[in-house]
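Student: Sending over a structure as C-alpha cells; questions will come in a sec.
In our numbering, the protein residues as written are 845 to 1251.
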C-alpha cells in the first residue's frame, strides 16, 4: 500500500477505559488503503497494548517518569519529526499536552486534540482544578482542531477558551444479543436463580462513579423487591472497593451483590441484566450506556455530562439527579414492576444506538477532519523560559521552532 496518509496517535497508557477503547475502534475501522497509523504511548504497560499492536501499523512505547517528564517529551518530539505525519491526533489530558505541543514544534500540518471528559474528580482539590483549567487553555492555543465526544464537554471547554469544539460521538459496533444458552450459563456462574431480577453496572471502581449511592439505592430496591441481584463489573481503586464492600455489609446486601472485577464480556453481562445502571457524578459520553442500549436494555442513570445526549428521560430509560439514592431506587422499582415498559425502552434504545452512534459515523466524522486543508504553521514563537534558567543551563533558544530543530 503506497502513499498512505500518515496519522500519529498519542495516548497516555493503553489501559482499559472508554477513551482507549474508542481509539482502538477508530484505528481498527480506518480505511487501511488510505491511512497508516502509528500509536505512541507515553507510558509503558497497559492491558490494551497487545490490541493496539495487533491493529496499528506501528506502536511506540515511551517510559514517562513523573507527570512532566522532559525526556519523554523530547523522545516524543523526535519520533514525530522522524515519522513526518500529516496529522497528530492526541487523546486525554496529558497526551493532549505532550503530544499537541510536540506536534506543533515538529511542524506537523494538523494537530487534533480530543477531550473525553469534564475533568471533574472528587479527589481533586481546588488547586489541581485550576491547574487543569490553565493547561486546557494552553492546549487549545496550539491545536488546529479540538474535538469532544459530547455537547456537555463542549460547553465546559468553552470556559477554557475552546470555543470551536467539534462534537464527535463515541461509536459502537453492531452485535447481536447473546443467545439464551450463554445468558443461562452466566446466571449459573454468578449463582443467581432463574427468576430473579438482575441489575448490572459496568463501571470502573472509582469515586467518580459514586457506586456508594448505587448500593444505597439497591438496598432500598431490595426492601420492595428482595429477589433482586446487582452485578458490578470493572476494575479500579482497591481502597474504594474495600469501602464499598464494607458499606454492602453494613446495608446487609452483600449476599445479593457480585463484584466481578474486570470482565472482557461486558456486553454479555449487560444482555443478562434486566436494567442497566450508572451512578456517576461526572461523565463524558459513557460507553457502558451505549452498550446497554445496543443490548436492548433500559437504563437508569444520573443526568451528568453527555448522558442526557444518549438517553431521553422516559424513552430509552430514566435519568435521575446525581447522589440521589431515593430517586435512583424509585426509577429502578418502576422498571422492575413494569416489564412491558422495560422491554419498550430497551427496543427504542437499541434502535437509537444503531442509528445515531455507529462506529462508521464516528470514523467518517474523524477522517473528515484529517482530510481538511491544514492551517498555516506557527513560526517564531518566543520560548517562555525565565532568563535565569537559560543562563544556568547554557540554553539560549531564540524561538520554539529553533529549539525544536535542535532537539
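Every residue, glycine too, gets a C-beta built ideally from N, C-alpha and C.
Keep in mind the model is a prediction, meaning the values are calculated, not measured.
#1: Please check the pair residue 852 and residue 924, which I expect to be a contact at CB under 8 Å, by giving their CB distance rounded to whole angstroms.
#2: Taking Cβ to Cβ, would you say residue 952 is nearer than 7 Å to residue 944?
#3: Looking at the secondary structure, which residues open and close the alpha helix (DSSP H) in which residue 1081 lies?
#4: Where residue 872 and residue 849 are concerned, what is the direct C-alpha to C-alpha distance, given to the nearest angstrom?
#5: Which of the three DSSP states is assigned to residue 897 in this structure?
#6: In its own chain, which residues sit with a C-beta less than 7 Å from the C-beta of residue 1197, not counting the 5 before and 5 after it?
#7: Do the CB positions of residue 1071 and residue 1040 come within less than 7 Å of each other?
#8: In the DSSP assignment, what are the bridge partners of residue 1048?
#9: Is residue 1209 close to chain D, meaning its C-beta is less than 7 Å from at least one C-beta of that chain?
#10: Can you tell me the Cα-Cα spacing of residue 1194 and residue 884, whole angstroms?
#11: Which residue from 929, 1095, 922, 1061 puts its Cα closest to that of residue 1215?
#12: With DSSP run on the structure shown, which of helix, strand or coil describes residue 924?
#13: With three or more beta-carbon pairs closer than 8 Å as the criterion, would you say the segment 1146-1162 touches the segment 1020-1031?
#14: For the segment 1122-1132 against the segment 1083-1090, do three or more pairs of beta-carbon atoms, one drawn from each stretch, fall closer than 8 Å, so that the two count as touching?
#15: Compare the Cα-Cα distances from residue 981 to each of 998, 1004, 987 and report the closest residue.
#16: For residue 918, count neighbouring Cβ atoms within 10 angstroms of its own Cβ and tell me buried if that reaches 16, exposed if not.
#17: Mapping the DSSP letters down to three states, classify residue 1124 as helix, strand or coil.
#18: Assuming residue 869 and residue 1203 form a contact by the criterion Cβ under 8 Å, report the distance between their Cβ atoms to the nearest whole angstrom.
#19: Enumerate in chain order the residues of its own chain whose CB-to-CB distance from residue 1021 is below 8 Å, with the five nearest sequence positions on each side excluded.
#20: Can the beta-carbon of residue 886 be found closer than 7 Å to that of residue 864?
#21: Which residues share a DSSP beta bridge with residue 1202?
#22: Going by the CB atoms, is the gap between residue 1058 and residue 1123 shorter than 7 Å?
#23: Just confirm the distance between the C-beta atoms of residue 1034 and residue 1076, as a whole number of angstroms; I'd bet it's less than 8 Å.
#24: Since residue 1064 is in the alpha helix (DSSP H), which residue starts that stretch and which ends it?
#25: Give me whichever residues DSSP pairs with residue 954 in a beta bridge.
#26: Find the nearest neighbour of residue 1174 within the set 1209, 1206, 1068, judged by alpha-carbon distance.
#27: Beta-carbon within less than 6 Å of residue 1047's beta-carbon, same chain only, minus the 5 sequence neighbours each way: which residues are those?
#28: Hey, would you say residue 1051 sits closer than 7 Å to residue 936, going by beta carbons?
#29: Looking at the structure shown, is residue 1161 part of a helix, part of a strand, or coil, going by DSSP?
#30: What does a CB cutoff of less than 6 Å around residue 896 pick up in its chain, not counting 5 residues either side in sequence?
#31: How would you call residue 1100, buried or exposed, if buried means at least 16 neighbouring beta carbons within 10 angstroms?
#32: Helix, strand or coil for residue 1010? Go by DSSP, reduced to three states.
Tutor: Quick answer:
#1: Contact holds; Cβ gap of about 6 Å.
#2: No, the pair does not count as a contact, with Cβ atoms beyond the cut-off.
#3: Careful: residue 1081 lies outside any alpha helix (DSSP H) and carries neither H nor E.
#4: Straight across, the Cα-Cα distance linking residue 872 with residue 849 is about 15 Å.
#5: Residue state for residue 897 is assigned as helix, using DSSP reduced to three classes.
#6: Cβ neighbours of residue 1197 beyond the five flanking positions: 1016, 1134, 1137, 1138.
#7: Yes; because the gap between Cβ atoms is below 7 Å, this pair is in contact.
#8: In the DSSP output, where bridge partners are listed per residue, residue 1048 has none listed.
#9: You won't find chain D in this structure, because it holds only one protein chain.
#10: Rounded to whole angstroms, residue 1194 to residue 884 spans 35 Å at the Cα level.
#11: Cα-wise, what sits closest to residue 1215 is 929.
#12: For residue 924, the secondary structure class from DSSP, reduced to helix, strand or coil, is helix.
#13: Contact fails: fewer than three Cβ-Cβ distances are below 8 Å.
#14: Segment contact: the segment 1122-1132 against the segment 1083-1090, fewer than three CB-CB distances shorter than 8 Å; contact not assigned.
#15: Among 998, 1004, 987, the Cα nearest to that of residue 981 belongs to 1004.
#16: The residue is exposed, with fewer than 16 neighbouring Cβ atoms inside 10 Å.
#17: Of the three classes helix, strand and coil, the one that applies to residue 1124 here is coil, per DSSP.
#18: The Cβ separation is near 5 Å, so the contact holds.
#19: Taken in chain order, the residues that qualify are 1115, 1139, 1140.
#20: No, these two residues do not count as a Cβ contact at 7 Å.
#21: When DSSP reads this structure, residue 1202 sits in a beta bridge with 1016.
#22: Yes.
#23: Contact flag wrong, Cβ pair sits at about 11 Å.
#24: For residue 1064, the enclosing alpha helix (DSSP H) stretches over residues 1055-1068.
#25: Its beta-bridge partners are 931.
#26: Check the Cα spacing between residue 1174 and each of 1209, 1206, 1068: the tightest is with 1068.
#27: Sequence-distant partners of residue 1047 (beyond 5 residues in either direction) whose C-beta falls short of 6 Å from its own C-beta, in its chain, are 1053, 1078.
#28: No, Cβ-Cβ distance for residue 1051 and residue 936 is not below 7 Å.
#29: Note: residue 1161 maps to strand in three-state DSSP.
#30: So the qualifying residues of the chain are 858, 883, 903.
#31: It is buried - the Cβ of residue 1100 has at least 16 other Cβ atoms within 10 Å.
#32: Strand.
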